[in-house]
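In this note's numbering, the protein residues as written are 43 to 125.
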Amino acid sequence: MEGLAALVTVILLVIYSSGLSALALAWARSKWLRIASRTFAVISIVTGLWLGATLFDGNGVFVGGIPVVLGAVSLFISLRRNR
């Protein structure tokens with residue numbers, strides 16, 4: 043059971059870190075960093091929606107909502123800065 047808990051922890055760490063990476067890179071001026079930011083934001087939104095859908099009965103809306111919000115905010119910042 044400890045192995046399963048460790049696996050779930052690693053999966054959630056990757057999902058949350060993609061949202062945090064997208065948010066951190068959203069203020070970048072470099073073309074490649076903007077592409078990376080938008081890619082991480084889309085990954086964060088998709089995986090957050092997946093988490094929310096699979097864990098809907100429990101606290102999945104909250105657990106999945108965090109990456110969705112991080113991804114959406116980073117997309118908003120990235121698109122707004124590049125106008």
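For every residue, glycine included, the Cβ atom is placed at its ideal position computed from N, Cα and C.
Within 10 angstroms of its Cβ, does residue i collect 16 or more other Cβ (buried), or is it exposed?
i: Leu93; result: buried
i: Ala64; result: buried
i: Ile53; result: exposed
i: Thr96; result: exposed
For the alpha helix (DSSP H) that contains residue i, what are its first and last residues?
i: Trp74; result: Lys73 to Thr96
i: Gly204; result: The requested residue 204 is not part of the displayed model; the chain covers only 43 to 125.
i: Ala70; result: Premise fails: Ala70 is in no alpha helix (DSSP H) and is neither H nor E.
For the candidate residues the options, whose alpha-carbon lies nearest to that of residue i?
i: Val110; options: Phe118, Leu91 and Val52; result: Leu91
i: Ser86; options: Gly100, Trp69, Leu55 and Phe98; result: Leu55
i: Ser123; options: Ala83, Gly106, Thr89 and Ala68; result: For the sequence presented, residue 123 should be read as Arg rather than Ser. If we check each option's Cα against that of Arg123, Ala68 comes out closest.
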